[in-house]
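Protein chains in written order, with this note's numbering: chain A, 1057 to 1272; chain B, 1057 to 1272.
2 protein chains.
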Amino acid sequence: MSLPLSSSLSLYLVMDIASYGERTALQIARAALDGGVTMLQLREKKAPLREVLETGRAIREACREKGVPFIVNDRVDLAILLEADGVHVGQDDLPALDVRKLLGPDAIIGVSAGNMEEAEWAVSQQPDYLGIGPVYSTLTKGDAGAPIGTALISELKASWPQLPLVGIGGIQPSNAAAIIQAGADGIAVVSAITRQPDPESASRLLADTVRLSRKV
Amino acid sequence: MSLPLSSSLSLYLVMDIASYGERTALQIARAALDGGVTMLQLREKKAPLREVLETGRAIREACREKGVPFIVNDRVDLAILLEADGVHVGQDDLPALDVRKLLGPDAIIGVSAGNMEEAEWAVSQQPDYLGIGPVYSTLTKGDAGAPIGTALISELKASWPQLPLVGIGGIQPSNAAAIIQAGADGIAVVSAITRQPDPESASRLLADTVRLSRKV
């Protein structure tokens, strides 16, 4: 039942455990999964870990019910406790090779990169995919840096055609197609799903956009 | 060769990977170990984890040579990679019972507490020791809160006579004795060793102070 990783990256939701509007994080996750999210990453940098464990377990279970990979940002210890399918690390987090030592060969390990130097280092760490960005301007991640556009995605696709890529940063239905057309396997979003009045239909629109962009 | 934990807590150095003056973190650690530090915790919240791994491995090795337990703050994944003897967690970190699941029965697990409610929760998590503080005013840890004095140590010693306790926060040679006399098994310090012109003699003075305080 598991998809190839490049398919799982199609619509990759990155979320924390905060509620938004009338919805809890779990309700947002469920709505997004119903709307077609194909992979989900828990990225929580602030909340007490007791709470992250509790809400994370519920979101993890919702992903399992849908057969959608559940990834934890940064912390391998949390990933093990949540029985996650993998870990996503930034340039300042644990190196992917060390994450692999802890999680074994079957884990999905992703690494963020924002320029060619970071990407080359990331590739040397044998990740399963790279997260490239911020493609567009974003307010969600305070330390994300200036937007880099889609050029790096095209360059990486040319250099490593087999390495799955996902774009992240400021992605909306209106600008998602350019990322897929540049060579990415999918898009990763935060607020374009979690901060929408209807996360399910927002997810459906983004999933449709990715699908249609591949056919152009 | 390993001491009972209450002895290992006598003089507990908590440090990051920063250099100070002309000394690298490793040189500070070695000097402190030569001066009589009985346990060492790596607490690094800011540096890239690649650097923490590299410096941490060297400090870990220096501890091993002296037979001194090496503890990692907060992150169990880092502790596993560094082959640490244990992990120290705060109230917002992973619960000690979850840390135990990851590290097994032999790991040394400590929990911080700053009041009776936090201490009771910590005790429910079956730690090997509690870190109590900040006893005195400290500038080292920005989020440490107001100093609590030594009363909590006495109360905890009365409630759980067998539970090893270490005081932390603003401890100097001049105020260390009161902590031992209140019932703590030892003192944990940062700047009283790492920010001194001679970390070895600073450690020796603190170790002597703890030893003499027990005889009073």
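Backbone N, C-alpha and C fix where the C-beta goes; we use that ideal spot for every residue, glycine too.
Around the beta-carbon of residue 1168 of chain A, 16 or more other beta-carbon atoms lie within 10 Å, marking it buried.
Neighbours of residue 1132 of chain B in chain A, taken as residues at a C-beta separation under 7 Å, are given in chain order as 1133. At a cut-off of 8 Å between beta-carbon atoms, residue 1141 of chain B makes no contact with chain A. Contact check for residue 1205 of chain A against residue 1186 of chain A fails: the beta carbons are separated by 8 Å or more. In the DSSP assignment, residue 1108 of chain A falls within the alpha helix (DSSP H) that extends over 1105-1122. Interface annotation, residue 1106 of chain B: in contact with chain A, CB-CB separation under 8 Å.
Boundaries of the alpha helix (DSSP H) harbouring residue 1083 of chain A: 1081-1090, taken from the DSSP string. In this structure, the straight-line span from the alpha carbon of residue 1176 of chain A to that of residue 1183 of chain A is close to 11 Å. Within the segment 1149-1165 of chain B, the residues whose Cβ lies closer than 9 Å to any Cβ of chain A are, in chain order, 1149, 1150, 1151, 1154, 1155, 1157, 1158. Of B:1079, B:1155, B:1101, the smallest CA-CA separation from residue 1106 of chain A is found for B:1155.
By the 16-neighbour rule on beta-carbons within 10 angstroms, residue 1123 of chain A is exposed. Here residue 1220 of chain A is buried: its Cβ has 16 or more other Cβ atoms, across all protein chains shown, within 10 Å. Taking every protein chain shown into account, the CB of residue 1178 of chain A has 16 or more other CB atoms within 10 angstroms, so this residue is buried. Residue environment: residue 1071 of chain A is assigned as buried (16 or more neighbouring CB atoms within 10 Å of its CB, all protein chains considered). Chain A places a beta carbon closer than 8 Å to that of residue 1136 of chain B, counting this residue as a contact.
In the displayed model, residue 1209 of chain B falls within a helix according to three-state DSSP. Closest in alpha carbon position to residue 1131 of chain B, among B:1139, B:1080, B:1143, B:1235, is B:1143. Across the structure, residue 1084 of chain A and residue 1224 of chain B are spaced so that their CA atoms are roughly 42 Å apart. Going by C-alpha positions, residue 1232 of chain A is about 42 Å away from residue 1073 of chain B. For the pair residue 1193 of chain A and residue 1201 of chain A, the Cα-to-Cα distance works out to about 9 Å. Taking a C-beta distance under 8 Å as the contact criterion, residue 1091 of chain A and residue 1203 of chain A do not qualify as a contact pair.
Proximity to residue 1063 of chain A across A:1147, A:1094, A:1088 peaks at A:1094, based on C-alpha coordinates. For the C-beta of residue 1109 of chain A, the chain B residues within less than 9 Å are, from N- to C-terminus, 1150, 1151, 1154. Shortest Cα-Cα distance from residue 1170 of chain B to any of B:1188, B:1102, B:1262, B:1162 involves B:1188.
Taking all protein chains in view, the Cβ of residue 1069 of chain A is crowded by 16 or more other Cβ atoms within 10 Å, so the residue is classified as buried.
Beyond the five residues adjoining it in sequence on each side, residue 1238 of chain A comes within less than 7 Å, by CB distance, of 1206, 1209, 1210 in the same chain, given in chain order. By the neighbour-count definition (other C-beta atoms within 10 Å, threshold 16), residue 1248 of chain B is a buried residue. The alpha carbon of residue 1147 of chain A has as its nearest neighbour, out of A:1173, A:1127, A:1136, the alpha carbon of A:1173. Taking C-beta atoms under 8 Å as the contact rule, residue 1065 of chain A and residue 1263 of chain A fail to qualify, at a distance of about 12 Å. Annotation: residue 1158 of chain A is outside any beta strand (DSSP E); the continuous alpha helix (DSSP H) that includes it extends over 1152-1159. Taking C-beta atoms as the reference points, residue 1153 of chain A and residue 1181 of chain A count as a pair closer than 8 Å.
Remark: C-beta atoms of residue 1115 of chain A and residue 1134 of chain A do not approach each other more closely than 8 Å. Between residue 1141 of chain B and residue 1161 of chain B, the C-beta gap is not smaller than 8 Å, which leaves the two residues out of contact. For residue 1251 of chain B, the CB contacts under 7 Å within the same chain, skipping 5 residues up- and downstream, are 1076 in chain order.
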